[in-house]
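Here's the structure, in structure tokens; my notes come after.
The structure is reproduced here in structure tokens:
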């Protein structure tokens with residue numbers, strides 16, 4: 183556990199927009215200063231990415247895997263930040279370890295990435311910019327990660343969005 | 183183009199169930215004997231897979247990539263047949279070549295796989311067993327590949343389901 187983020191921990195906010203449309207299988211996550219810290223790392227990844235999307239997988243308060251969109255440099259349209267982070271995590275960890283991990287993404291996971299998150303059993307997702315916001319800048323599949331979780335009988339995922347979203351969206355104006 | 187499949191080509195059927203719920207962005211594909219031939223290859227892949235799912239990517243009448251669910255042997259919950267086939271295709275082809283490819287899957291692509299199909303620009307998908315059928319045997323995310331295509335403003339994908347579905351479903355009873 184990273185000492186600094188532990189010490190700055192504590193309840194920051196509950197994303198109000200999310201609690202309004204909370205459903206049975208996805209729950210609105212409580213956000214902490216630690217979440218802001220890790221989201222900033224995801225956004226820093228986005229700054230170096232082919233398209234401005236970054237992701238971080240955290241477990242026990244430590245960064246376990248980083249991902250940045252690499253779809254151009256790898257000539258792989260599936261190399262979204264979340265997929266890159268998941269593949270990096272799997273190269274050094276057993277899938278079971280996903281169960282206590284949090285995935286931070288600078289952009290709301292698309293259905294491909296959210297499907298991967300669900301199949302991997304990741305229980306907590308925090309994102310910055312929403313698919314609705316991203317769609318104003320770049321083509322999106324119009325299905326939210328919450329809709330994905332709610333359509334999955336076996337999924338039990340805490341989801342929170344909107345954390346540092348202005349910072350994440352700003353990267354599209356550069 | 184494979185000569186045998188060309189010679190046996192010709193309209194076989196239009197999946198009636200699909201034409202009933204056809205939407206703007208996904209179109210019901212016309213199926214041929216060639217489609218049955220390649221679907222059988224996908225089903226043969228499923229027979230050797232960790233979970234009974236197989237996929238084949240075909241271009242110019244030739245098999246370009248094979249995939250079988252490898253989630254156990256690779257300790258990778260994202261190693262669905264379609265993802266494995268897509269990764270295999272990308273290892274030897276440029277993403278642009280997806281545009282004239284057909285993906286055959288023994289099971290309807292889940293949102294993760296369909297998301298990958300959309301981002302890769304694959305224009306034609308043929309599957310055997312539907313998500314509704316598969317859900318009776320194994321946990322599924324309850325969003326069809328047609329719903330995915332219809333939620334994607336930039337996608338233009340021919341989709342047909344139900345081809346040899348009984349054969350694909352039989353694999354779950356072994």
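Residue numbers (our numbering), protein chains in the order written: chain A, 183 to 356; chain B, 183 to 356. Think of the CB as a built atom: it goes at the ideal place given N, C-alpha and C, for glycine as much as any other residue.
Under 9 Å between C-beta atoms of residue 353 of chain A and residue 308 of chain A: In terms of Cβ geometry, residue 353 of chain A and residue 308 of chain A do not form a close pair [threshold 9 Å].
Identify the residues that DSSP records as bridge partners of residue 222 of chain B: which are they? DSSP, once it has assigned bridges, lists no residue as partnering residue 222 of chain B.
Quick check: residue 277 of chain A and residue 298 of chain B, are their CB atoms within less than 9 Å of each other? Cβ atoms of residue 277 of chain A and residue 298 of chain B: not closer than 9 Å.
Tell me, please, which residues DSSP counts as bridged to residue 249 of chain B. B:237
Cutoff 9 Å: residue 274 of chain B Cβ touching any chain A Cβ: no
Starting from residue 289 of chain B and walking both ways along the beta strand (DSSP E), at which residues does that stretch end? 283-289
Would you say residue 293 of chain A reaches chain B, if we count a Cβ-Cβ gap shorter than 9 Å as a contact? yes
Shortest alpha-carbon distance to residue 250 of chain A belongs to which of A:231, A:256, A:241 and A:244? A:231
Cα-Cα, which of A:241, A:229 and A:216 is closest to residue 268 of chain A? Among A:241, A:229 and A:216, the Cα nearest to that of residue 268 of chain A is on A:241.
Proximity winner among B:288, B:289, B:264 and B:300, relative to residue 292 of chain A (alpha-carbon distances): B:300
From residue 337 of chain B to residue 254 of chain A, what distance separates their C-alpha atoms? 19 Å
What residues from chain A crowd round residue 339 of chain B, counting only those whose CB sits closer than 8 Å? Correct list: empty, because the minimum Cβ distance to chain A is about 12 Å.
Identify the contact partners of residue 257 of chain B in chain A, using a Cβ-Cβ distance below 8 Å as the criterion. 272, 276 and 277
Considering just the uninterrupted stretch of the alpha helix (DSSP H) at residue 332 of chain A, what are its terminal residues? 327-332
Going by alpha carbons, who is nearest to residue 327 of chain A out of A:247, A:234, A:295 and A:316? A:295
Pull out every residue of the stretch 211-243 of chain B whose Cβ sits closer than 9 Å to any Cβ of chain A, in chain order. none
Kindly give me the distance between the Cβ atoms of residue 331 of chain A and residue 323 of chain A, rounded to whole angstroms, as I take these residues to be in contact under 8 Å. With 8 Å as the limit, residue 331 of chain A and residue 323 of chain A do not qualify as a contact, their Cβ atoms being about 15 Å apart.
Given a cut-off of 9 Å, decide if residue 321 of chain B and residue 228 of chain B are closer than it, judged by their beta-carbon atoms. no
Between the alpha carbons of residue 262 of chain A and residue 302 of chain B, how many angstroms are there, rounded? Roughly 12 Å between the two C-alpha positions.
Beta strand (DSSP E) runs wholly inside the stretch 295-350 of chain A, at least 3 long, in chain order: 306-311 and 339-342
With 9 Å as the threshold, decide whether the Cβ of residue 322 of chain B is near any Cβ in chain A. yes
Quick one: which chain B residues come within Cβ less than 7 Å of residue 333 of chain A? What residue 333 of chain A touches in chain B: 323, 324 and 325.
What residue from A:316, A:351, A:341 and A:314 has the CA that sits closest to residue 212 of chain A's CA? When A:316, A:351, A:341 and A:314 are compared, the shortest CA-CA separation from residue 212 of chain A is found for A:341.
Kindly indicate if chain A contains any beta-carbon less than 9 Å away from that of residue 206 of chain B. Only weak support is given to the placement of residue 206 of chain B: the predicted model assigns it a pLDDT of 41, under 50, and the value that follows is read from those uncertain coordinates. With 9 Å as the cut-off, residue 206 of chain B does not count as an interface residue toward chain A.
Taking residue 166 of chain B and residue 287 of chain B to be in contact with their CB atoms under 8 Å, please state how far apart those CB atoms are, rounded to whole angstroms. Chain B is shown only over 183 to 356; residue 166 of chain B falls outside these bounds and no answer can be derived.
With a cut-off of 8 Å on the beta carbons, I'd call residue 273 of chain B and residue 312 of chain B a contact; round off their distance for me. With a Cβ gap of about 30 Å, residue 273 of chain B and residue 312 of chain B do not count as contacting.
With a Cβ-Cβ cutoff of 9 Å, do residue 305 of chain A and residue 334 of chain A count as a contact? no
Counting only beta-carbon atoms, is residue 303 of chain B nearer than 9 Å to chain A? yes
Residues in its own chain within less than 6 Å of residue 233 of chain B by CB, not counting five upstream and five downstream? 251
Alpha-carbon spacing of residue 237 of chain A relative to residue 243 of chain A, whole angstroms: 15 Å
Smallest Cα separation from residue 318 of chain A: which of A:266, A:351 and A:329? A:351
Alpha carbon to alpha carbon, how far is residue 248 of chain A from residue 222 of chain A? 12 Å
Mind checking whether residue 226 of chain A and residue 284 of chain A have CB atoms under 9 Å apart? no
Give a yes or no on whether the C-beta atoms belonging to residue 325 of chain A and residue 239 of chain B are separated by under 9 Å. no
How far does the alpha helix (DSSP H) with residue 353 of chain A in it reach, from first residue to last? Where residue 353 of chain A is concerned, there is no enclosing alpha helix (DSSP H), given that its DSSP letter is neither H nor E.
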